[in-house]
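Protein chains in written order, with my numbering: chain B, 245 to 506; chain W, 4 to 254.
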């Protein structure tokens, strides 16, 4: 029972989240979503998270440069620092760490905002006043988060390359051109696509979890606190699992593509 | 006329409403009293379709509404306005925008001038002026409750459902809100259901009073009938009523 009860609760949460995603997709197909509301969400999310994402991206790249510098220096292979650290950042660590930052900021904010609207009966009042909250509240936030999170993650990746270049210059005595010239050797088109695919999957996960958790909040102020905590936990664990799955999927797709083209 | 027949509602294993049957005539003010957690708010939420009953019927002017879809409920909610326990105002919108919100959804053909005229009328009805441009957190809780009332009456519903409209208010504001409910119901000729804990107020303004206990209707009658009731819970509620008031209402 110690294991079964939490397992059922997790499965219940995953099932509820997937059904909620289905409901959002049905809403997007059935109703017209106010373009201004989506743009407002994109603007708010982007402006609120621009600095966090850019700075975390910068330091992820810087961190990778420092780490690879220590390892490669032992083998006298500093010339490939740019390619290796950028490859690791773009394909793997960059999207994941920047998504963690975004989940803390965008996820917590959105779930708390919807949660408070739920417990103070604003969502019920909206229904009574002839408005579909899925159309008016959830869908614009869902689309706004996906679009802005995708571009913020992309911005974070660009900043991570900048952070890598600057730190490589400072700690490994490499010139920016020496760093950048080796990037194409290790970062191929599919690496970039894989990174962008991850960014998109992470954005959808983040948007779904925070809107679902916020919309289904119960239990007053304490309930909102629990919602924010549950959102943080679900997005962090979900991001790691999704990272593993997308890496695996990207690997399978790449192998298939290579088998077809060779 | 609004009729509720054998309504049951369950949350998990807990049965909150156990076969409630009620009928409310046009223009009547019905107070629903009962202890916390006896299903009073759940009854109202079933009527406006925020919750779906397990069994039973809700007939609004002869039409069964409990099985309607969310889209089909749109017309029902235009007829049945609900004032929530919390003011439930939209924090990011001004008082004006809050009152205009339902108007714009229910009457998309209204011109901005017509919306403005109606918003001003409704704020006048709840005795509020000069607060149109304020955000809900910038006005007092009592004023928020009155804005909430103005927002609900703006779409001219024929049925008004109040969920504990005076909870959390001081005695002066409580009296003002109660007077407002009575005044609006008579002035607009609406049928009202008021969920409350306040027996004094119920005796003062209700046409009939229903008492719920553990999901069941245990008493229903006019104020003078309730005053003579021998049901223990009703007697408990009446304990706060002074002899002077009792004889006044009985006479």
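Positions of the beta carbon are idealized from the N, C-alpha and C atoms, including for glycine.
Here the structure is a predicted model, which means the values were calculated and not measured.
Chain B places no beta carbon closer than 9 Å to that of residue 254 of chain W, leaving this residue out of the contacts. The alpha-carbon separation between residue 105 of chain W and residue 51 of chain W amounts to approximately 15 Å. Under the three-state reduction of DSSP output, residue 161 of chain W falls in the coil class, being neither helix nor strand. For the segment 343 to 374 of chain B, the residues whose beta carbon sits under 7 Å from a beta carbon of chain W are, in order, 364, 365, 366, 368, 369, 371, 372, 373, 374. For residue 7 of chain W, the three-state secondary structure derived from DSSP is strand. Under the 10 Å beta carbon count, residue 130 of chain W is surrounded by fewer than 16 other beta carbons and is classified as exposed. Relative to the Cα of residue 109 of chain W, the nearest Cα in the group B:332, B:345, B:370 belongs to B:370. Under the 8 Å Cβ criterion, the segment 471 to 486 of chain B does not count as touching the segment 375 to 384 of chain B, having fewer than three qualifying pairs. In this structure, W:100 is the residue among W:245, W:100, W:249 with its C-alpha nearest to the C-alpha of residue 137 of chain W.
For residue 151 of chain W, the closest Cβ of chain B is nearer than 9 Å. Approximately 6 Å separates the beta-carbon atoms of residue 345 of chain B and residue 296 of chain B; this is inside 8 Å, confirming the contact. With 16 or more neighbouring CB atoms inside 10 Å of its own CB, residue 476 of chain B falls in the buried class.
Within 10 angstroms of the beta-carbon of residue 81 of chain W lie 16 or more other beta-carbons, which makes it buried.
Under the three-state reduction of DSSP output, residue 452 of chain B falls in the helix class.
Burial is judged here by how many other beta carbons sit within 10 angstroms of a residue's own beta carbon; residue 360 of chain B has at least 16 and is buried.
In the displayed model, residue 27 of chain W falls within a strand according to three-state DSSP.
Chain-ordered, the chain B residues with CB closer than 8 Å to the CB of residue 108 of chain W read 373, 374, 375. Three or more Cβ pairs closer than 8 Å define a contact, and the segment 492 to 499 of chain B falls short of that threshold against the segment 348 to 362 of chain B. Within the segment 51 to 71 of chain W, those residues whose Cβ lies closer than 7 Å to any Cβ of chain B are, in chain order, 51, 53.
No residue range can be given for residue 141 of chain W, since it is assigned to no beta strand (DSSP E) and is classified by DSSP as neither H nor E. Here residue 379 of chain B has 271, 275 as same chain residues with Cβ atoms under 6 Å from its own Cβ, once five neighbours each way along the sequence are excluded. Inter-residue distance for residue 38 of chain W and residue 184 of chain W is about 22 Å (C-alpha atoms, whole angstroms).
Annotation for residue 220 of chain W: 23, 24, 25, 213, 214 place their beta carbon closer than 8 Å to its own, counting only its chain and skipping 5 residues before and after.
Annotation note: the segment 70 to 128 of chain W contains the following uninterrupted beta strand (DSSP E) runs of length 3 or greater, listed N- to C-terminal: 83 to 86. A residue is called buried once 16 or more other Cβ atoms fall within 10 Å of its Cβ, and residue 75 of chain W, having fewer, is exposed. Looking at W:68, W:91, W:154, the one whose alpha-carbon comes closest to that of residue 119 of chain W is W:154. In this structure residue 326 of chain B is in contact with residue 422 of chain B, their Cβ atoms being roughly 7 Å apart against a cut-off of 8 Å. For residue 131 of chain W, the three-state secondary structure derived from DSSP is coil. When Cβ-Cβ separations below 9 Å define contact, residue 141 of chain W makes no contact with chain B. Beta-bridge pairing by DSSP links residue 256 of chain B to no other residue. Around the Cβ of residue 285 of chain B, a 10 Å sphere holds 16 or more other Cβ atoms; the residue is buried. Apart from the 5 residues on each side of it in sequence, residue 85 of chain W sits with its Cβ closer than 6 Å to the Cβ of 51, 164 in its chain, given in chain order. The C-beta separation of residue 467 of chain B from residue 310 of chain B comes to about 43 Å, leaving the pair out of contact by the 8 Å criterion. Counting along the chain, residue 352 of chain B sits inside no beta strand (DSSP E); it lies in the alpha helix (DSSP H) bounded by residues 352 to 363. Within chain B, the residues placing a beta-carbon under 7 Å from that of residue 87 of chain W are 365, 368, 369, ordered along the chain. Note on residue 147 of chain W: 16 or more other CB atoms within 10 angstroms of its CB, so buried under the neighbour-count rule.
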